[in-house]
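Residue numbers (my numbering), protein chains in the order written: chain A, 1 to 228; chain B, 1001 to 1237.
Just so you know, even glycine gets a beta-carbon here, dropped at the ideal spot from N, CA and C.
What you are looking at is a predicted structure, and each value in this text was computed from that prediction instead of being measured.
Report on one structure; see the data block that follows.
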Amino acid sequence: MSAYYSSILYGALLTVGVSLAALVVASLLGMAGAAAKLSGKPPLVGIATLYTTIIRGIPDLVLMLLVFYGGSIGLNNLLEALGSDVTPDINPFTAGVLTLGFIYGAYMTETFRGAILAIPRGQFEAGAAFGMSPQQVFLRITAPQMVRYALPGFTNNWLVLIKATALVSLIGLQEMTYLAKQASAATRSPFAFFLFTAGLFLIYTWVSLVVLRKLNARYSLGTKRGEL
Amino acid sequence: MNWEVIFRPESLAMYGEGIVTTLVLLFSSLAVGGVFALIFALMLTGRNVFLQRLVGAYTFVIRGTPLLLQIYLIYYGLGQLEWIQARWDDVWPWTHFKDPFFCALLAFSLNTAGYTAEMLAGSIRETHAGEIEAAQAFGMSRFQVMLRVVLPSAMRRTLPAYSNEVVMMLQSTSLASAVPAMLDVTAAASRIYSDFYLPFEAYLFAAAIYLVATFCLIGAFKLAERHFLAHLAPRKS
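Here it is as structure tokens:
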């Protein structure tokens, strides 16, 4: 019995791995999406808008099944057409990370866009007037302040992303939800195992909240709050 | 791409059945969850500290764990408890726990109730103090203030956030496919995929159905907002 619990604990590591890897992908896509939306160039704005609209209208699970089952067949066909005889294998971890990253990238796009818009325009102009290149303006002015404005939305997206990792169990990744289901099938005590897994998820979300609150305090140093 | 299989009458009928299940599941869990949400929100904002803590703990657990696990807990987990096992053959409310639709409905309702209760409680707390004072000055009882002043305005102000929740709920119904014997849109797509080995076509078609449903819901909420939140709309110049 305790062997099952320790295997679920081991699966928790995979859950942490999938969620962190997906977060990296989502943040990169989110930055790219926000940059595209704010670029003012019609084709870029159009593509980014299409991306955020469509992704948010399709369930995570359907997209994941599409990428996992459809992606491997599509990749096979593509490679065959190119005359290569390598048979690629999309494993559940890669499919999960890419799909979750792709989905939450759309949410991050909106969060980051809002954060950039919250920074007063004059600061960019001042940076340009000092002779900074756009890269320098981004690194020295936009990025440090963006963090503060983006953190509340980022926190929400992260908490939803953590919970979405449970879906990866449905395409066969052996993370904690998957292991809990197997354990409960083998021992006929599903209630205990699922409750245990739910507890682990609660701990994970709670720890993330504490860390992100610390970060928020760090990046809000020196900002004045109105007192009610 | 092989779309003929998808547009065969049998496949379309399967998707049709899936759409009906998805929509029935969505609207019935929204209705049941909405009633719970209202009760929970009143408890969260009420004066009874014990009830406040209790509902607070409930929403913390519901919002902190994946919906998939909640479904598993109800569908597979409750059957483990001997107390329920002793009853689910003949004692009335417990007989339903053998029905997959009921289990899915219960899981979705409890889930949406947790999220909606917190939103509604937020709006209730934000009600302008002056409005409540004015109502009290008219001699209304606490119950009357709630019913006539606070709730009508708080429920309206929750509408934009609630539209997000409804769209999220639509997408969450795809998790019903994780329960065997439930044929929603996603399960229909999975069945067609496994029958014909056409994952792209099967799931893309399902995705298109969800996309259309999402846009319809968003449109309906825009209309509702125009009606119920007309007093908050930006002034037309």
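With H, G and I counted as helix, E and B as strand and the rest as coil, what does DSSP make of residue i?
i, result
"Ser84(A)", "coil"
"His1128(B)", "coil"
"Asp60(A)", "helix"
"Ser72(A)", "helix"
"Leu14(A)", "helix"
"Asp1184(B)", "coil"
"Gln1171(B)", "helix"
"Ser1141(B)", "coil"
"Gly1111(B)", "Correcting the residue identity first, residue 1111(B) is Asn in this sequence and not Gly. If DSSP states are grouped into helix, strand and coil, Asn1111(B) belongs with the helices."
"Ala1086(B)", "coil"
"Glu1118(B)", "helix"
"Tyr1193(B)", "helix"
Between residue i and chain B, is there a C-beta pair that is closer than 8 Å?
i, result
"Val62(A)", "yes"
"Arg188(A)", "yes"
"Lys181(A)", "yes"
"Tyr69(A)", "yes"
"Ser208(A)", "no"
"Pro144(A)", "no"
"Thr52(A)", "no"
"Asn138(A)", "First, the amino acid is wrong: residue 138(A) is Phe here, not Asn. False, the Cβ-Cβ gap to chain B never drops below 8 Å."
"Lys37(A)", "no"
"Gly96(A)", "no"
"Phe124(A)", "no"
"Leu29(A)", "no"
"Lys163(A)", "yes"
"Gly17(A)", "no"
When the cut-off is 8 Å and only beta carbons count, does residue i lie next to chain A?
i, result
"Ser1109(B)", "no"
"Tyr1058(B)", "no"
"Gln1085(B)", "no"
"Phe1215(B)", "yes"
"Val1024(B)", "no"
"Gly1033(B)", "no"
"Thr1186(B)", "yes"
"Val1061(B)", "yes"
"Tyr1076(B)", "yes"
"Ala1121(B)", "no"
Would you kindly work out how many angstroms separate the C-alpha atoms of residue i and residue j, rounded to a whole number?
i, j, result
"Lys181(A)", "Ala1176(B)", "16 Å"
"Thr111(A)", "Pro152(A)", "9 Å"
"Ala21(A)", "Thr15(A)", "10 Å"
"Leu1030(B)", "Leu29(A)", "33 Å"
"Val1032(B)", "Pro190(A)", "26 Å"
"Val168(A)", "Tyr10(A)", "16 Å"
"Ile1192(B)", "Ala1202(B)", "6 Å"
"Ser1163(B)", "Phe130(A)", "45 Å"
"Ser1011(B)", "Glu1004(B)", "10 Å"
Residue i and residue j look like a contact to me (Cβ under 8 Å); what is the Cβ gap, rounded to whole Å?
i, j, result
"Ala1041(B)", "Ile1124(B)", "6 Å"
"Pro1009(B)", "Ala166(A)", "That pair is no contact at about 36 Å."
"Ala1188(B)", "Met1014(B)", "5 Å"
"Lys37(A)", "Thr109(A)", "7 Å"
"Leu1110(B)", "Thr1158(B)", "19 Å between Cβ atoms; not a contact."
Can you determine whether any heavy atom of the ligand HEM sits closer than 7 Å to the C-beta of residue i, and answer yes or no?
i, result
"Thr165(A)", "Ligands in the displayed structure: none, and consequently the ligand HEM is not present."
Give a yes or no on contact between the stretch 1066–1075 of chain B and the stretch 1120–1133 of chain B, applying the rule of three or more CB pairs nearer than 8 Å. Taking a cut-off of 8 Å on C-beta distances, the stretch 1066–1075 of chain B does not touch the stretch 1120–1133 of chain B, as fewer than three cross pairs fall below it.
Are the stretch 181–201 of chain A and the stretch 1049–1066 of chain B in contact at 8 Å, needing three or more beta carbon pairs? Per the Cβ contact rule, the stretch 181–201 of chain A is in contact with the stretch 1049–1066 of chain B (3 or more Cβ pairs under 8 Å).
For the 8 Å Cβ check, are there 3 or more pairs between the stretch 125–142 of chain A and the stretch 101–111 of chain A? Contact between the stretch 125–142 of chain A and the stretch 101–111 of chain A is absent, because fewer than three Cβ pairs lie under 8 Å.
Would you be able to state if there are at least three C-beta pairs under 8 Å between the stretch 1155–1175 of chain B and the stretch 52–68 of chain A? Yes, since at least three Cβ pairs between the stretch 52–68 of chain A and the stretch 1155–1175 of chain B fall closer than 8 Å, the two stretches touch.
Is the stretch 143–162 of chain A in contact with the stretch 116–134 of chain A, if contact means three or more CB pairs nearer than 8 Å? Yes, since at least three Cβ pairs between the stretch 143–162 of chain A and the stretch 116–134 of chain A fall closer than 8 Å, the two stretches touch.
Check whether the stretch 1210–1219 of chain B and the stretch 1155–1168 of chain B are in contact - that is, three or more C-beta pairs closer than 8 Å. Contact between the stretch 1210–1219 of chain B and the stretch 1155–1168 of chain B is present, with at least three C-beta pairs closer than 8 Å.
Does the stretch 1093–1100 of chain B touch the stretch 1018–1025 of chain B, meaning 3 or more C-beta pairs lie closer than 8 Å? Not touching, per the Cβ criterion.
For the stretch 83–99 of chain A and the stretch 17–32 of chain A, state whether three or more C-beta atom pairs, one from each stretch, are separated by less than 8 Å. Taking one beta carbon from each stretch, the stretch 83–99 of chain A and the stretch 17–32 of chain A have 3 or more pairs nearer than 8 Å; the two touch.
Could you check whether the stretch 122–133 of chain A touches the stretch 73–85 of chain A, counting it as contact only if at least three pairs of C-beta atoms, one from each stretch, sit closer than 8 Å? No contact exists between the stretch 122–133 of chain A and the stretch 73–85 of chain A.
Three or more C-beta pairs under 8 Å: does that hold for the stretch 67–79 of chain A against the stretch 1078–1098 of chain B? With a cut-off of 8 Å, the stretch 1078–1098 of chain B and the stretch 67–79 of chain A do not count as touching, because too few Cβ pairs lie within range.
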